[in-house]
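Report on the structure given below.
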Amino acid sequence: MLSASGLAVARADRTVLQGIGFGLAPGGLLQVLGANGSGKTTLLRVLCGLASADAGTLQWHGRPLRAADPEFQQALAYLGHANGIDIDLTPAENLRFAARLAGHHADAGKRAASIARALAAQALERVAHVPVRTLSQGQRRRVALARLALAPRVLWLLDEPVTALDADSCARFQRQLDAHLAAGGMAVIATHQLLPGGGAVLRLDGAGA
Numbered sequence: 001m002l003s004a005s006g007l008a009v010a011r012a013d014r015t016v017l018q019g020i021g022f023g024l025a026p027g028g029l030l031q032v033l034g035a036n037g038s039g040k041t042t043l044l045r046v047l048c049g050l051a052s053a054d055a056g057t058l059q060w061h062g063r064p065l066r067a068a069d070p071e072f073q074q075a076l077a078y079l080g081h082a083n084g085i086d087i088d089l090t091p092a093e094n095l096r097f098a099a100r101l102a103g104h105h106a107d108a109g110k111r112a113a114s115i116a117r118a119l120a121a122q123a124l125e126r127v128a129h130v131p132v133r134t135l136s137q138g139q140r141r142r143v144a145l146a147r148l149a150l151a152p153r154v155l156w157l158l159d160e161p162v163t164a165l166d167a168d169s170c171a172r173f174q175r176q177l178d179a180h181l182a183a184g185g186m187a188v189i190a191t192h193q194l195l196p197g198g199g200a201v202l203r204l205d206g207a208g209a
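Each residue of the sequence shown is one higher than the one before, starting from 1 at the first, in full-length UniProt numbering.
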């Protein structure tokens, strides 16, 4: 469903990515492995449309993918280094806002139940109604990951999703990822170390950013 061929990115006359190619089908996982500065974040930004490639092609369902393609944007969920949550709101309030942005039209009761399940899956029940600014970095990351359960998207683009997570939280994320893939979802995950989920591996050794 998602494929790339010959992707290349240069910044200030320096090659960040070159000759990147892969194919991802339903249920597929691609782990992008590399040290800091190898181009992992750049690749994810190109895939989600936040940056453009200087060469190469991207295809979605066999057709060329262009910037701001509405069908593609509706199919993907992107989580970068920043958690993208409001620290002045509570986890529950952040998830309610995310549900509205995702276009949830369920009645209030069903929406509240979905939010409660998403918080429980990340073991956030006890802090659901306290400001995010009072939470640890790991808890904040778990709030960001909880949003993935509210707006089912077929393609996850995740940049170091387990940053700041302890072993129990990593296991929760792994269950979340496994369920997503088992349901026919796909994921591209940038990481320093391979996750247990298997899948294909793309190793980046450049000096990008």
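We put the beta carbon where it would ideally sit given N, CA and C, even for glycine.
Member of G21, P70, H129, S38 whose CA lies at the smallest distance from the CA of G56: By one-based count along the sequence shown, residue 56 stands at place 56. Checking every option, the nearest Cα to that of G56 belongs to G21.
Helix, strand or coil for L148? Go by DSSP, reduced to three states. Translated into positions along the sequence shown, residue 148 becomes position 148. If DSSP states are grouped into helix, strand and coil, L148 belongs with the helices.
R111, enclosing alpha helix (DSSP H) - first and last residue: Here residue 111 is taken as the residue at index 111 of the sequence shown, counted from 1. Per DSSP, R111 belongs to the alpha helix (DSSP H) from 108-121.
Buried or exposed, going by whether 16 or more other CB atoms sit within 10 Å of the CB of K110? Numbered from 1 along the sequence shown, position 110 holds the residue referred to as residue 110. By the 10 Å Cβ count, K110 comes out exposed.
Please list, in chain order, all residues of the same chain as H129 whose beta carbon is under 7 Å from its beta carbon, the five residues on each side excluded. Taking the first residue of the sequence shown as 1, we reach residue 129 at position 129. Only T90, A92 meet the Cβ criterion.
Cα-Cα separation, S169 to G138: On the sequence shown, position 169 is the one that residue 169 refers to. On the sequence shown, position 138 is the one that residue 138 refers to. So the alpha carbons of these two residues sit roughly 8 Å apart.
When the distance is taken between beta carbons, is R140 closer than 9 Å to residue 210? Examination of residue 210 is not possible in this model, given that the chain is present from 1 through 209 alone.
State yes or no: is the C-beta of M186 within less than 9 Å of the C-beta of L158? Residue 186 sits at position 186 when you count from the first residue of the sequence shown. Residue 158 sits at position 158 when you count from the first residue of the sequence shown. Cβ distance not < 9 Å, so M186 and L158 don't count as in contact.
Less than 8 Å between the CB atoms is what I'm expecting for N94 and V132, so what's the real figure, rounded? In the sequence shown, the residue the question calls residue 94 occupies position 94. In the sequence shown, the residue the question calls residue 132 occupies position 132. With a Cβ gap of about 7 Å, N94 and V132 count as contacting.
L204 versus L150: straight-line alpha-carbon distance, rounded: For this step, residue 204 is matched to residue 204 along the sequence shown. For this step, residue 150 is matched to residue 150 along the sequence shown. Taking the straight line joining both Cα atoms gives about 32 Å.
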